[in-house]
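Using our numbering, read the sequence shown as starting at 826 and increasing by one per residue.
The beta carbon of each residue, even a glycine, is placed where N, CA and C say it ideally should be.
Being a predicted model, the structure only gives us computed values, none of them experimental.
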Amino acid sequence: MQGFTQKIVQMMKNEKLFASQGGPIILSQIENEYGPESKSLGAAGHAYVNWAAKMAVGLDTGVPWVMCKEDDAPDPVINSCNGFYCDAFSPNKPYKPTLWTEAWSGWFTEFGGAVHRRPVQDLAFAVARFIQKGGSFFNYYMYHGGTNFGRTAGGPFITTSYDYDAPLDEYGLMRQPKYGHLKQLHEAIKLCEYALVSSDPTVTSLGTYQQAHVFSAGQQKCAAFLSNYNTKSAARVTFNGRQYNLPPWSISILPDCKNVVFNTAKVAVQHTKMQMLPTGSKLLSWETYDEDISSLGESSTLTAIGLLEQINITRDTSDYLWYMTSVEISSSESFLRGGQKPTLTVESAGHAVHVFINGQFLGSAFGTRENRRFTFSGPANLRAGINKIALLSIAVGLPNVGLHYETWETGVRGAVVLHGLDHGNKDLTWQKWSYQVGLKGEAMNLVSPSEATSVDWTRGSLAAQGQQSLKWYKAYFDAPTGNEPLALDLRSMGKGQVWINGQSIGRYWMAYAKGDCKTCSYAGTFRPINCQRRCGHPTQRWYHVPRSWLKPTKNLLVVFEELGGDASRISLVKRSVARVCADAHEHHPTTDNNDIENKGNSNSTGNAKVLLQCAPGQSITSIEFASFGTPSGTCGSFQKGTCHAPNSHAMLEKECIGQESCSIFISSGVFGTDPCPNVLKRLSVQAVCSTADANTQS
């Protein structure tokens, strides 16, 4: 660890990236969430923390070092908080700043689980509450979603996508309204900075669940955070002689202690609906190669009595390990003459297993992240004489959190038993087993452009070949035009891995998501199970393909399918904006209305406005809904109210059609007349974004 840390720090120093050198790095972190492990290990864990801290500080970065989730971080290292909320956190010394190193914007996804999303109203509330209670620094995890290319996904069972519901998604596109609402939050906090750094907050009760946190910078300069912790009801509070409406579970920010420029629960930025469109790039001339299992064990160099732990054998060079043995069946067995077939059971420590007898696929079984251990059970198609049993055990990632990874077993580690023979059960666990690391196709490097032609692939109709387990597929395609992010649609496949030009896109698995996706409220303490989507659908259908990995022509796509799938239906798609919506009332708080310049002097001007913005290269091609008045509903289900400006649609078409982005002030003057005087009006808009060569949505 010391050598690695020294190398990384020196690389940063060589590029003059630390703030002490004039660069952008203002903090350094040593270790990550080691606190729970440190406590479990007792004195040894504490000694390691002290050693790591001393080693890091000695590297002289010129910026502070932090340890997250490490209560006993020694000076001068600053202990910091990670979590969904950190407003209750305090550092271990009063002279240390309060730091939030990971404000969790969402949650990771596991194969077979629902995809979690965290409402931006709650995330903004968490950050504002942290700042109002004296927080000095916050950092999002994740701010930009990512992809676990290759076999880097951990967990185990964490998906290839590590999108994390981040403000910038896995493909680098803005996730709205999360990106825009947080941007406005940051602007509002920035307007308060002069007061925030001048004093600690003074807290005043405004009601049973309501408070005011006031930061003062002189007699007439202050900033206030008005909070409502009630999860069910809005509140009307009085502060400094003025009345303010606070939605449930929300905080209003007043940079001058008078004017609200932001409320965490009031979202006025656009909502964006994304889509995956066909690229028009065809996958040409599919060819197949069957993973050879007929010669399994012939060249095995490892044999042992009993069942060995998988990772100790593979050393993580492959997800796959073959366990092979044989069993002799007497010709007198009654099942050979029409009796009930014996049952084979295989107890696995994880994560998946495919079972073969005499080269024929018998079945599969899988664990989950919560229950890695599982048991396969299936009728065994045995014959008189010697029968070969081959178990293909599959790892779905290494553990990424916890104690004593060396005790986290993977592979076939329980009993392997034949049940229902004439003389009872036959336990195969402690007989001689042979082992083979990886697949034949991996050993032949079938995924490499230079090696893919070294074997005889089978051409012809995939439909005629049928869907088979343990099959390699190969095709070529040209890079599509445009700049949109790309992905492979693998909904027709089962489980396996995929490569492009020799680079691993990652593991894929069309495991269907379980869970409750019906309810989601921003109000109240967030937990990942509170807000979920994709229930009843594959957890991950699309797999990110970086354009930088592609050549203009003849890109090699190789797929290894474990279970059986229809590769002819694999397609290359592009991610783009389908629709944008905006919905805000005419007096919506906005930082655009204030010229505070960090001094606490407010000058409220103008009206609120809505901004519609498509992706680069797109334009607004139609207005599906527009109403200035009292519309109701949400994006995708807007409806006109009893009050409606007749020219709403025409005005939006005039300002927006053909534009990549447009903005409209929310005022009666813009729409020519006041459709309902003395009524608070709002503007709701839904627009379609398209490119010049747009196709229909897949």
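Note that the C-beta distance between Glu1112 and Lys1299 is below 9 Å. Only residues of its own chain outside the window of five on either side were considered, and among them Gly1245 have a CB closer than 8 Å to the CB of Gln1165, listed in chain order. Glu1134 and Ala1312 have their C-alpha atoms spaced approximately 35 Å apart. Beyond the five residues adjoining it in sequence on each side, Val945 comes within less than 7 Å, by CB distance, of Pro1002, Lys1003, His1006, Leu1007 and Val1092 in the same chain, given in chain order. Between the alpha carbons of Ile833 and Ile1136 lies a distance of about 28 Å. DSSP places Thr1170 inside the beta strand (DSSP E), whose first and last residues are Thr1168 to Ser1173. Around the beta carbon of His1176, a 10 Å sphere encloses 16 or more other beta carbons of the protein chains shown; the residue is thus reported as buried. Residue pairing from DSSP places Trp925 in a beta bridge opposite Cys906 and Phe963.
Residue pairing by DSSP places Phe1351 in no beta bridge whatsoever.
Here Ala1059 has Asn1053, Asn1070, Leu1071, Pro1072 and Pro1073 as same chain residues with Cβ atoms under 8 Å from its own Cβ, once five neighbours each way along the sequence are excluded.
Going by C-alpha positions, Phe829 is about 10 Å away from Gln835. In the displayed model, Lys1434 falls within a strand according to three-state DSSP. Between the alpha carbons of Tyr1260 and Phe1385 lies a gap of roughly 21 Å.
Taking the Cα positions, Asn1225 is about 7 Å away from Pro981. Cβ-Cβ distances below 7 Å link Thr923 to Phe914, Ser915, Pro916, Gly959, Gly960 and Ser961 in the same chain, with the five nearest sequence neighbours on each side left out; the list follows chain order. Within 10 angstroms of the beta-carbon of Leu1109 lie fewer than 16 other beta-carbons, which makes it exposed. Beta bridge pairing from DSSP links Thr1128 with Ser1259. Between Asn1088 and Ile1078, the C-beta gap is smaller than 9 Å, which places the two residues in contact. No residue range can be given for Asn1055, since it is assigned to no alpha helix (DSSP H) and is classified by DSSP as neither H nor E. In this model, Gln1009 and Val1402 are separated by some 22 Å (Cα to Cα). Assignment of beta strand (DSSP E) within the region 842-915, counting only whole runs of 3 or more residues, yields 890-893 and 903-908 in chain order.
CA-CA distance, Gly1461 to Cys1468, rounds to 20 Å.
About 7 Å separates the beta carbons of Ile1489 and Leu1508, which is inside the 8 Å limit, making them a contact pair.
Of the candidates Asn1326, Ser1106, Thr985 and Trp929, the residue whose Cα lies closest to the Cα of Arg1332 is Thr985.
In the three-state reduction of the DSSP assignment, Trp1147 falls in the strand class, which pools E and B. Excluding residues up to 5 positions away in sequence, Leu1051, Ser1052, Asn1053, Tyr1054, Asn1055, Ala1060, Val1062 and Leu1071 lie with their Cβ nearer than 8 Å to the Cβ of Gln1035 in the same chain. The beta carbon of Arg1198 sits closer than 8 Å to those of Glu1172, Ser1173, Ala1174, Gly1175, Gly1192 and Gly1239, all from its chain and outside the five residues before and after it, given in chain order. Here DSSP, grouped into helix, strand and coil, assigns Glu1267 to helix. DSSP places Thr1459 outside both helix and strand once states are collapsed to three, so it counts as coil. Secondary structure of Asn839 (DSSP, three-state): helix. In this model, Tyr1148 and Ile1214 are separated by some 8 Å (Cα to Cα). With at least 16 other beta carbons inside 10 angstroms of its own, Gly1390 counts as buried. Here the C-alpha atom of Gln1293 lies approximately 39 Å from the C-alpha atom of Thr1344.
Note: Cys1514 is bridge-paired with Ile1445 in the DSSP secondary-structure output. Where Phe950 is concerned, the enclosing alpha helix (DSSP H) starts and stops at Val945 to Gln957. Each residue's CA atom was taken as its position, placing Ala1277 and Val891 some 48 Å apart.
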